[in-house]
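Here the protein sequences come in this chain order: A and B. Here my numbering is used: the first residue of the first sequence is 721, the next is one more, and so on. Here my numbering is used: the first residue of the second sequence is 479, the next is one more, and so on. We treat Cβ as the ideally placed atom computed from N, Cα and C, and that holds for glycine. Quick caveat, the model's predicted, so the values are computed rather than measured.
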Amino acid sequence: MKLLDRHGWTASDVVPVPIEALGDGDAVLLPNDYKAADLLPLQSRLKLIAIAFPKFSDGRGFSIAKALRAQGYEGVLRATGALIPDQFAFALHVGFDQIEISDEQAERQPVEQWLGALTAIHDSYQNGEDGTASILTRRRYAAEAAA
Amino acid sequence: MYRYDEFDEAVVRDRVTQFRAQVKRRLEGSLTEEEFTPLRLMNGLYLQLHAYMLRIAVPYGTLSGRQMRQLAMIADKYDRGYGHFTTRQNLQLNWPKLADVPDLLSDLADVEMHCIQTSGNCIRNVTADHFAGVAADEVEDPRPTAELIRQWSTLHPEFSFLPRKFKIAVTGAARDRAAVAVHDIGLRLVRNDGGEIGYKVLVGGGLGRTPMIGKVIREFLPRDELLAFLEAIMRVYNLSGRRDNKYKARIKILVHEIGTDAFIAWVEEEYAKLDGPSVNADPAELARIAAYFAPPAYETLPAVSESFEAAKARDPDFARFAATNLFPHKVPGYTAITVSVKPIGAPPGDATSDQMRVLADLAERYSADELRITHVQNVVLPHVRLDDVPAVWAALVEAGLETPNAGLITDIIACPGMDYCKLATARSIPIAQEIAKRFADVERQALIGELGIKISGCINACGHHHVGAIGILGLDKAGVENYQITLGGDPGEQAALGQRLGPGIDADAVPEAIERIVDTYLEIRADPGEAFIDTVRRVGLDPFKPALQPTEARLEAA
Chain A
721 MKLLDRHGWT ASDVVPVPIE ALGDGDAVLL PNDYKAADLL PLQSRLKLIA
771 IAFPKFSDGR GFSIAKALRA QGYEGVLRAT GALIPDQFAF ALHVGFDQIE
821 ISDEQAERQP VEQWLGALTA IHDSYQNGED GTASILTRRR YAAEAAA
Chain B
479 MYRYDEFDEA VVRDRVTQFR AQVKRRLEGS LTEEEFTPLR LMNGLYLQLH
529 AYMLRIAVPY GTLSGRQMRQ LAMIADKYDR GYGHFTTRQN LQLNWPKLAD
579 VPDLLSDLAD VEMHCIQTSG NCIRNVTADH FAGVAADEVE DPRPTAELIR
629 QWSTLHPEFS FLPRKFKIAV TGAARDRAAV AVHDIGLRLV RNDGGEIGYK
679 VLVGGGLGRT PMIGKVIREF LPRDELLAFL EAIMRVYNLS GRRDNKYKAR
729 IKILVHEIGT DAFIAWVEEE YAKLDGPSVN ADPAELARIA AYFAPPAYET
779 LPAVSESFEA AKARDPDFAR FAATNLFPHK VPGYTAITVS VKPIGAPPGD
829 ATSDQMRVLA DLAERYSADE LRITHVQNVV LPHVRLDDVP AVWAALVEAG
879 LETPNAGLIT DIIACPGMDY CKLATARSIP IAQEIAKRFA DVERQALIGE
929 LGIKISGCIN ACGHHHVGAI GILGLDKAGV ENYQITLGGD PGEQAALGQR
979 LGPGIDADAV PEAIERIVDT YLEIRADPGE AFIDTVRRVG LDPFKPALQP
1029 TEARLEAA
């Protein structure tokens, strides 16, 4: 498996374990039908939450990430599975920090494609968990600055 | 009309560059076909029976003369010189080549147009009343809302990989011409007791193989809360919509399976958790958008135009056109003209590039540079002076666009059917053509009055047959095309699904059966003012059932 973040390939020794086996661990792997609210009691002690993407076309993980950030989770969020470069910006935008992909995929879709995809669309109509100010927000700033 | 600012422009330009790179990566093999498919679909590109099909977004059906002229140029340059207006107010090209598509998108971007989210499991091009800003029964023009939704839903990071496609429609009028009750989300602009404008929110309507009428989940949503509330609905759907079976993946199935009350509770729970201000548009932003839809500079005119009245008295053909294809404008002395793209015997909704150019010219010269595409697959010139109608009509006659059948029995909605679509189980267009030929007589059409026939070539219902006053569904029965007929469907404010009249019939029996249904209606209608749909509502299906039987059987029964 290969891990990447917004700067390129990265590495981590933290191995998340499935929620059933978590015990008092601090890194959990969630299936993509997990309810974010169920994690509220323990999220403050978690360093890493990984969310499984069994298929890139199954977008549930994006909403789980968004919900976790909305309920105050501040640790590392990792998407693990079948995401493609064209989804990288979306993943960061909803609050993921890292993407974990297979070696096969990393070979077929090298890091340049992932980083290139990040800047394919420069502006977004939505405010992002990664600090992206939406076009709507930026219009407001521009109008306020002009006033 | 809305005009892009530098942000809107940049997004569309970036999307073209992004798609160009995606095509290249596919051709080089870095993207598998499976990975590329949703990416091209999210840019409106389908692989059809004979070729690629590209669906160009016409947001809420509004476009300028310049945009229409560019569509004509594109149809000539990349296709076979014609395009097809769709039931989602879009334009489809049936023969573009994959390698040409990035350049085509770039040509579209030159006139502030795109193909973003005209297909795929994402929020699709938002639709609205085609008489927005024209109709007198309007609380407010729905297009600023629709444009706001277009922006918010464009390349939405969280909602681009939904369980299934997602369609939103908006109307601001009492009379629902946007079919909001058969959309995933339908929004009706309403005024509350305090005089404030907000939205009635319907969720879970839809056609397809499991047709449903949308359920009201909020009677009144304050205007400023729209986007956050939509986001709550979308999050519930994205997390809980079924993904195990594509035929059960639309939001209507979720609403149906858990029940409306439970669905409301889930949405409200999600909504309570949302940080509204981080999602909702600033009121100033909606006002900025709304300013683009300010009414054109109308002249002060008398309500009656002498030249228009004189032309009607002089020319019965013009009088017929004026009686059927004009819609009352809220401003005295003006009218909205429905240009029928349904000439008798031709594929419904197809327009040639020459016709598109004529429409562009007419819009610029006579209609405040505005055109609308209707979900009935026609084109509207929304702001024409009554004085100018004779001149517009003369130009339409010249272009073969003067068919006087708006809203009448030959103004048929039909999907592309087996002639173009790989999903289809039967032909649609030839059925529409045969019915239109049978009812070609304009006097007879006028006598029959308002009657919507809608034809789908498979159970996916792209021809909206469920909401046709007469619906026709083409199926495959052991290798033979077989057509089921339904009556009583209505996409409007009294939304209803059609009921099956009886067993399916062969293709060549369809026109005859429709004729007998119409004859029955003419016999039993209370008075000439009772529309077909109202007669069906009053008497039910029974009087129409014999119409499906062959002549001999009916004689025996009699």
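Between PRO620 of chain B and LEU665 of chain B, the alpha-carbon positions lie close to 9 angstroms from each other. Every alpha helix (DSSP H) of 4 residues or more that sits fully in the stretch 726-769 of chain B is shown, in chain order, as 729-736, 738-751, 754-757 and 761-769. Between LEU586 of chain B and MET520 of chain B, the alpha-carbon positions lie close to 16 angstroms from each other. Membership of LEU717 of chain B in the alpha helix (DSSP H) is indicated by the continuous run 704-718. By the CB criterion at 9 angstroms, GLY559 of chain B and ASP832 of chain B fall inside the cutoff. Taking C-alpha positions only, GLY949 of chain B is separated from LYS645 of chain B by approximately 21 angstroms.
Taken in chain order, the members of the stretch 779-793 of chain A whose beta-carbon sits within less than 8 angstroms of a beta-carbon on chain B are GLY779, ARG780, PHE782, SER783, ILE784, LYS786, ALA787, ALA790 and GLN791. Taking C-alpha positions only, ALA801 of chain B is separated from VAL854 of chain B by approximately 18 angstroms. In the DSSP assignment, ASP744 of chain A falls outside any alpha helix (DSSP H) and carries neither an H nor an E.
The straight-line gap separating the alpha-carbon atoms of ASP843 of chain A and ALA837 of chain A is approximately 13 angstroms.
Remark: fewer than three beta-carbon pairs, one from each stretch, lie closer than 8 angstroms, so the stretch 907-924 of chain B and the stretch 857-876 of chain B are not flagged as touching.
At a C-beta separation below 7 angstroms, ALA488 of chain B has these neighbours in chain A: HIS842 and ASP843. Under the criterion of beta carbons closer than 8 angstroms, PHE497 of chain B and PRO580 of chain B qualify as touching, at roughly 6 angstroms. Remark: C-beta atoms of GLN567 of chain B and THR852 of chain B approach each other more closely than 9 angstroms.
For the 9 angstroms CB-CB criterion, ILE729 of chain B and TYR749 of chain B do not form a contact. Within a 10 Å sphere around the beta-carbon of GLN818 of chain A sit 16 or more other beta-carbons, which makes this residue buried. Using a 10 angstroms sphere on the CB of THR778 of chain B, the tally of other CB atoms stays under 16, which defines it as exposed. Runs of the beta strand (DSSP E) lying entirely within the stretch 816-860 of chain A and spanning at least 3 residues, in chain order: 818-821.
Under the 8 angstroms Cβ criterion, the stretch 498-513 of chain B does not count as touching the stretch 651-660 of chain B, having fewer than three qualifying pairs. For chain A, the residues of the stretch 510-533 of chain B that bring a beta carbon within less than 7 angstroms of one of its beta carbons are GLU513, PRO516 and LEU517, in chain order. Going by DSSP, TRP630 of chain B is part of no beta strand (DSSP E) but of the alpha helix (DSSP H) stretching over 621-631. For LYS751 of chain B, the chain A residues whose Cβ falls inside 8 angstroms of its Cβ are ALA787, ALA790 and GLN791, in order along the chain. A contact between stretches requires three or more CB pairs, one per stretch, nearer than 8 angstroms, and the stretch 545-556 of chain B fails this requirement with the stretch 914-923 of chain B. In this structure, the beta-carbon distance from LEU953 of chain B to ALA904 of chain B falls below 9 angstroms. Not one beta carbon of chain A lies nearer than 9 angstroms to the beta carbon of VAL745 of chain B.
In the DSSP secondary-structure assignment, TYR999 of chain B is not bridged to any residue. For the C-beta of LEU576 of chain B, not a single chain A residue is nearer than 9 angstroms; the gap to the nearest is close to 17 angstroms.
Taking a cut-off of 8 angstroms for Cβ pairs, the stretch 686-704 of chain B and the stretch 732-744 of chain B touch, as three or more such pairs fall below it. About 12 angstroms separates the CB atoms of ARG701 of chain B and GLY673 of chain B; that is not less than 8 angstroms, and the two are not in contact.
DSSP assignment within the stretch 654-707 of chain B yields the following whole beta strand (DSSP E) runs of 3 residues or more, N-terminal first: 663-669, 675-681 and 693-700.
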